[in-house]
Each structure stands twice: as structure tokens, then as C-alpha cells.
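K.L.:
This is the structure, below, for whatever I ask next.
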Amino acid sequence: MPAIRVRLGAFSAALVLAVAVSTTASAQKKYDTGASDTEIKIGNIMPYSGPASAYGVIGKTEEAFFRKVNAEGGVNGRKINFVTYDDAYSPPKTVEQARKLVESDEVLLIFNSLGTPPNSAIQKYMNQKKVPQLFVATGATKWNDPQNFPWTMGWQPNYQSETIIYAKYILKNKPDAKIAVLYQNDDYGKDYLKGFKDGLGAKAASMIVIEDSYEVSEPTIDSHIVRLKATGADVFMNITTPKFAAQAIKKNAELGWKPLHFLNNVSGSIGSVIKPAGFENAQGIISSQYFKDPTDAQWKNDPAMIAWNEFLDKYYPEANRADASVMYGYIVSQGLVHVLKACGDNLTRENIMKQAASIKDFEPAGLLPGVKVNTSATDFAPLSQLQLIRFKGEHWERFGEVLSGDVGG
Amino acid sequence: MSAAEEAIAEGHEAVEAVPKRAMTLGTGTSLVVLAALLVVPMFVKNFIIFQMTMLLIYGLAVLALNILTGGSGQFSLGQSAFYAVGAYTSAVLMEHANINYALTIPVSAVICFGFGYLFGKPALRLSGIYLALATFALATAMPQLLKLNFLEHWTGGVQGLVVTKPDAPFGLPMSQDMWLYYFTLAVTVAIYIFSVNLLRSRSGRAFMAIRDNEIAASSMGVNVALYKTLAFGVSAGITGVAGSLGAIAVQFVAPDSYTITLAISLFLGMVVGGVGWLPGSFVGAAFIIFVPNMAESISKGLSGAVFGVLLFLVIYLVPHGARQVAIFGQQLVGKLRKN
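Chains A and B supply the protein sequences, listed in that same order.
Mapping of the first sequence onto the working numbering: position 310 corresponds to residue 295, and the numbering continues sequentially without gaps.
If you want the working numbering, it's the position in the second sequence, counting the first as 1, plus 11.
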């Protein structure tokens, strides 16, 4: 074996030399796997098929947005290479796709992978590998945990902070309320419910007169609404996804039940929820928002909305503009570009997380006035502000101040 | 009623009678395949090793279904439920009771065997499409059962459980992925040998007699009820082992991982691999793992449609799946030798 050993020795010497030369050549520029002088490789996992395939639009919007960025010269001269895979919302498939992105495609980071179960499945792996799992597309509260998971960061206001805001409003304006809660029996529904109870604090037990849950597989929730009405509650906390939210609003009107109605912002879309349920049935409903609803007429001449429409015309003409996911994808993509720009020529994974954790008052186009992106080494929840809105006529009216409901994971 | 529906409704014709010798590969071929499975991981990336591990795991699950359907002629669309029970057994034991991963696998096998055996009891009264429906109900119920409140303390509810991946023991210089691959390979080989021997044994002959003609079998003295439930138990037990290995390899269990889609994928794998041909199970597993990826790379928006077309082509061109291809290959080799 001596011959091989000698050759190995010579080889490693050459390697050391090569590394030394290349580091001196690019003393200023630092790269991890997936980044180079000309390209930044970004991975993404979306449910393009399966039960949550409606959200696949987010991935398509992001891809269109990065095409726009590239056409305009890229980020600091580097083109974004966006590799997006389908996991059909199935956690084992997410693990396979994440490993493919990290180990086979060698991306710099995974951006905005969608869904709580899929992201839970890869969180440990990503943190072991020290690859950023940046701006995950889920409202669960647990992503804000920089202590245990320094490589994972959330994006949107989390569910708990939203219901905490409603609870605070109820305590202040209707302290003797009898509250009926309807929630979807999964992580999303339970997270919302927890925030709501935490927000009500010690009074939760006495104020909530009924907690009812439904399964996402049920064809209609009419019978649940009948049960809620029978308790005589005067406040309705409606934690449902769009299809069911529309059913609930309609059924309330049919039954003539007129509680103070709080609707979670997941279902705040005018195009896909309020309009099908009937404008006349939705008057007075309270919800919250952090970005502009494209179907809301008041933003028609807003510069951000005009820019958004121009982008869609040019890069994603087939998009359904009433779909809030398109706006969501547009905003979160700006977040990534902001972080990559801030990294400059130091495109290491460590620096990505460092820059992502030091965003100050960033306002991507599309957010409501006053809502800003803020992070720090201990705050991995980029968006945590919401504005209360009330439905009037044919659109949402903002009222009160922009509220913050920061919660740790 | 179309011809195909009739064939299923009558129960046994849909599963072609496979002679037991045709159920396996020759010794020489088996050894070549085994050698390839042993050597390949040393030369590929960790990601490919992970995919090969998943292939073996899904292969085991398809094999289990193959014993049930190809061996004893009973249909099941409920394999995902047994897979889930196996996965959760391992995950709960490892994370809450700190039991070594290797020890959780026999526990899963026993629990799933019992579960399958008990489920096989009421299933005795059903056959053909009715049995398929009953097992379908099991598969749809399972994800919701796992979300139940009083189990949540153990199962983690909708959030699922994160499982710690084992390191290679005795300080062996290999990555976690490679160790897990060899561990899975050892379990797979053991179960494969067990299955082949089972089908060649007295019990196996009884399974096949029931598959071919239940009345004839019982008049020959085969205890039909016992062997039918036994087939369910064995199949569930093996699926449970696959589920355990799957939980360890994926490092995560959640109710959404074990929906009816998984059961249908396994069924698909069995048909593509060739019903009743045990080695075909692994070909079928390769189909359900790799073909969706291929379809996605052809067209992202139409991946489902592309997958459908590919599946249609397979069923149309080689209705008996991989077995047909293998037999064709064998004949070709035979002809070449003669010349």
C-alpha cells in the first residue's frame, strides 16, 4: 500500500494548496454550498398535489417573483435558482424532498416550505444539518424558538397572537360575554384555541360556554352552528378554514343568530369567503389582517397594489387575483430577497440566519400601513402585528391601532 | 356490471393462481441482488442511501400485502392503519419509554400481529370488494383515532412525535443513514426468507388452497377461519415492522403521514410488482417511490396526470406487473442459451 499512501499524501497536499489559493483569491467573498459568484440556489417544498394543493399557488407566485428578480439583474448580481418540489402535504415525502434539496441539489437554504406537519417533520433534520429553514409558511406558534431551533424561522403572525388580540378586545369591550367557540380539530384549530384561552386568562372557564370542534372531512358544519346557537351565547369565535367559514356565516343568518362574530384571518378573504356567504350576512364581523386584500376595492389605486398587478401581468398572468395566497407569496419573497441583499458577499448559512434575525422595520410592498417586519436574536417571529377590521358594506374597514401579540414558541 | 367487476365480485378470479415455485427468485439471482444491495451504499450519497432504505421499507409493506392478497386471496385497503400502529408503537416506546429502537421492532410486530388477527375475525364474514371496503374504513379511521384527545399525551396529537435517529453501534465508522440502511436490510432479508418459507410450508399451502377455492380447501380439512385470520395477522405484523422502520428512518410520525393515500400506494405497488410474486414487492415499492418524482420532473402542474398515464401504460402493457417482465426476461435468456 505505500504507493497509494504517497499518492494520497501528494493529493492532500495539492488540495490544501488549492484551498489556500482559492481563499486568498476571494478573501472578501464567503460562500456555503449553494451559493457562488453567479448563483444562489434556494430550495422550496410545496403541496402542489394532495389535500392542501390550493396552497401550491404560493410556490408558483414565488417562482414568478424570482424570475422577475433575475430579469432585473438578480440579488447583488447573483441569479436566484429556485428549486421547488411537491410533497403532497405528506410528512414522509417532505423529509425525502428536504434531503434531496440539501444533499442532492445542494441548496443554500430551504425557504417557505408549507404546512405545520411537513415542517415539523424536517425541523430536526434541518437543525442537525445547520441549513436554514427560513420563513416557514405556517402560522403555528412553535417556530419562534431560537434557543432550541436556531436554524428555523417563522414568517406570518402566529395563530396564538391573533386570538390573543381578539380575547383582549372582548375583555375590554364585552367583559360579561358568553362565548361560543367553533374550531377545526387539528393543529391549526387547537393553536388558535390555546391563544384565545391564554388571552382570556382566568376568565376563560367562566366566559366560554361551549367549545365545539369539527373535522375537516365533514361536508357541512350546519349542525354545529345549531348547537352553538342553542347555548344562547352572544359572542362567536369562529376558527374555521374558508369553506367552513362561508357556511358558518350563511347558517348564522339563516338561523337569525346575531352574536358578536370573530372570524380568524385565515378566512378573511372577501373573494373566497364573504362574497359566497353573502355580503348582507357578513355585516359587523370582526377579523384581523396584516396584508392588503387584493379583492378589497379600497386598495385599487394603492401604489403597492398597482406594482403587484404589473408583476402578475408580466410574470404570472394566469394567477387568480382574488386568491390571498398570491399576495402572501409576493410578500414573503420580498422578505427573502431582503435577507439575501443584506448578506452581501457573505453567503454562508450562518450569515443568512444572522441577517434574517436582524431585520428592522422592513416594510415589503403589500403589508397594511403600519405593519412592519422585525426580528432579533431572540425573536424569530418576523410578523407579529395585526390590525382589527370590521366588515361593512362590501369591504373590511380597519379600526383601532395596529396591535401586537408577540408570543414565544 | 362489467366483466372486471364480476371478476372481483366473485372473489377469487381477480387473484390469479400462482404456483408456489413461481413466487420467488432463483437462488443465484437472489444472491446477485443481495450482493448489489450490500455493495451499492458504499459508493453513493447519503440521500440515495436514505431512498434505498425507504425502498426496502415500502417493499416490506408491499410484501406483507402480497402475502395477504397473493397468498390467501384476501383484499386489504387498510394496510396504512397497520403501518401507522407499527410506526407509533416504535415512536412512543423510543421517545416516552427510552427503549432501544431495535427492541421496539419485535414489539411492533407482536402488537400489529394481534391487531391484524383480531381485525381478521370480523373480516371472515366478508370477501372480495366487501372486505376491501371494510379495510378501507379502517384506513380512513386511523388518522383520526391518532388525534384523539386522551391519546394525545402519548401520540403528540396532530403535532406528531419527533423520533431520534440511532447512531451506528460499537463505534462503527459509518453514517447514521448507512447504519440504518444495513439494519433495515438485515430485517428485510430475515422477513423475506421467513415469508418465502411460510408460503412453502403447510400454512402457505393452506393459504393458497383457500385462495384458489375456499370450499375445496375446507373439504380437504383446512381450517379456513384460522388460516384467513392468520394471514391477516402475519400481514399486519410485517406491515407493523415496516412502519417501525419507517418511523425511525423518517424521524417523525404524524397522523397525516398515514392516510388512505398510503394504503392505496401500497396496493398499487403490489399490482405493479405482480400479485403473488414476492420479489415484485420491491419493484412495486420502487414504482411508488420514484415514479411520482419522475412525473414531477416532467410537469409540475400536471404531475398527477403524468403519473396516471404512466400507471395506465404499465397496467395496459404488462398487466401482471414486474413478474411478467421477469418471466419474459427469463425466456429470453433461455432462448439465447439454446442458440
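All C-beta atoms, glycine included, are put in the ideal place defined by N, C-alpha and C.
Nearest to lysine 158 (chain B) by CA position, among B:Ala152, B:Gly168, B:Thr151, is which residue?
P.N.:
B:Gly168
K.L.:
Quick one: Cα of alanine 228 (chain B) to Cα of valine 235 (chain B), how far?
P.N.:
7 Å
K.L.:
Could you confirm whether any beta carbon from chain B is found closer than 8 Å to the beta carbon of lysine 175 (chain A)?
P.N.:
Chain B contact via Cβ: present.
K.L.:
8 Å is my cut-off, CB to CB: does asparagine 170 (chain A) come that close to chain B?
P.N.:
yes
K.L.:
Could one say the Cβ of asparagine 57 (chain B) lies closer than 8 Å to chain A's Cβ atoms, at least one of them?
P.N.:
yes
K.L.:
At which residue ranges does the stretch 104 to 156 of chain B contain complete alpha helix (DSSP H) runs of 4 or more residues, listed in the order of the chain?
P.N.:
112 to 134
K.L.:
Using three-state DSSP, classify alanine 12 (chain A) as helix, strand or coil.
P.N.:
In this prediction, alanine 12 (chain A) has a pLDDT of 48, which is less than 50 and means its spatial position is unreliable; nothing more can be read from the coordinates.
K.L.:
Quick check: the Cα distance between serine 191 (chain A) and alanine 162 (chain A), rounded to an integer number of angstroms?
P.N.:
9 Å
K.L.:
Using the C-alpha atoms, what's the distance from aspartate 172 (chain A) back to glutamate 303 (chain A)?
P.N.:
Within the model, the alpha-carbon separation for glutamate 303 (chain A) versus aspartate 172 (chain A) is close to 32 Å.
K.L.:
Between alanine 72 (chain B) and chain A, is the shortest Cβ-Cβ distance under 8 Å, so that the two count as touching?
P.N.:
Contacts with chain A at 8 Å (Cβ-Cβ) do not include alanine 72 (chain B).
K.L.:
Take every Cβ of the stretch 89 to 103 of chain B, pair it with every Cβ of the stretch 210 to 220 of chain B, and state whether three or more of those distances are shorter than 8 Å.
P.N.:
no
K.L.:
Please tell me whether tyrosine 144 (chain A) and aspartate 183 (chain A) are closer than 8 Å, where the distance is taken between their beta carbons.
P.N.:
no
K.L.:
Which of helix, strand or coil does DSSP assign to aspartate 130 (chain A)?
P.N.:
coil
K.L.:
For the stretch 23 to 44 of chain A, enumerate the residues whose C-beta is nearer than 7 Å to any C-beta of chain B, in chain order.
P.N.:
Of all residues in the stretch 23 to 44 of chain A, the ones placed with a Cβ closer than 7 Å to any Cβ belonging to chain B are Tyr33, Ser34, in chain order.
K.L.:
For serine 119 (chain B), go through chain A and note every residue whose CB falls closer than 9 Å to its CB, in chain order.
P.N.:
Correct list: empty, because the minimum Cβ distance to chain A is about 17 Å.
K.L.:
Among residues of its own chain, excluding the 5 on either side of phenylalanine 296 (chain A), which ones have a beta-carbon nearer than 8 Å to its beta-carbon?
P.N.:
Cβ-Cβ distances below 8 Å link phenylalanine 296 (chain A) to Ala49, Phe50, Lys53, Tyr315 in the same chain, with the five nearest sequence neighbours on each side left out; the list follows chain order.
K.L.:
When you compare only the Cα positions, how much space is there between alanine 75 (chain B) and glycine 81 (chain B)?
P.N.:
If you take the alpha carbons of alanine 75 (chain B) and glycine 81 (chain B), they lie about 10 Å apart.
K.L.:
Just how far apart, CA to CA, sit alanine 10 (chain A) and leucine 325 (chain A)?
P.N.:
Bear in mind that a pLDDT of 44 at alanine 10 (chain A), under 50, signals an unreliable position, so the number given afterwards is only what the model happens to contain. The straight-line gap from Cα to Cα measures roughly 23 Å.
K.L.:
Rounded to a whole number of angstroms, what is the C-alpha to C-alpha distance between alanine 362 (chain A) and glutamine 13 (chain A)?
P.N.:
25 Å
K.L.:
Can you give me, in chain order, the residues of the stretch 314 to 331 of chain B that have a beta carbon less than 7 Å from any beta carbon in chain A?
P.N.:
Ser314, Gly315
K.L.:
Name the residue from A:Ile25, A:Ile107, A:Ile155, A:Asn104 whose alpha carbon lies nearest to the alpha carbon of phenylalanine 181 (chain A).
P.N.:
A:Ile155
K.L.:
Within the 8 Å Cβ cut-off, does lysine 158 (chain B) reach chain A?
P.N.:
yes
K.L.:
Counting contacts by CB-CB distance shorter than 8 Å, is alanine 102 (chain B) in contact with chain A?
P.N.:
No, its Cβ sits nowhere closer than 8 Å to a Cβ of chain A.
K.L.:
Can you tell me where the alpha helix (DSSP H) with methionine 312 (chain A) in it begins and where it stops?
P.N.:
Counting along the chain, the alpha helix (DSSP H) containing methionine 312 (chain A) begins and ends at 309 to 328.
K.L.:
May I have the straight-line CA-CA distance separating serine 343 (chain A) from methionine 290 (chain A), to the nearest angstrom?
P.N.:
27 Å
K.L.:
Rounded to a whole number of angstroms, what is the C-alpha to C-alpha distance between phenylalanine 376 (chain A) and glutamate 47 (chain A)?
P.N.:
C-alpha separation (whole angstroms): 30 Å.
K.L.:
Between the stretch 54 to 69 of chain A and the stretch 129 to 147 of chain A, can you find at least three pairs of beta-carbon atoms closer than 8 Å?
P.N.:
no
K.L.:
So with CB distances below 8 Å, who are the chain B contacts of valine 80 (chain A)?
P.N.:
Val261, Gln262, Phe263
K.L.:
On a CA-only basis, which of A:Val121, A:Lys114, A:Ile224 is nearest proline 102 (chain A)? Give me that one, please.
P.N.:
A:Val121
K.L.:
Assuming leucine 94 (chain A) contacts glycine 28 (chain A) under a Cβ cut-off of 8 Å, what Cβ separation, rounded to an integer in Å, is found between them?
P.N.:
7 Å
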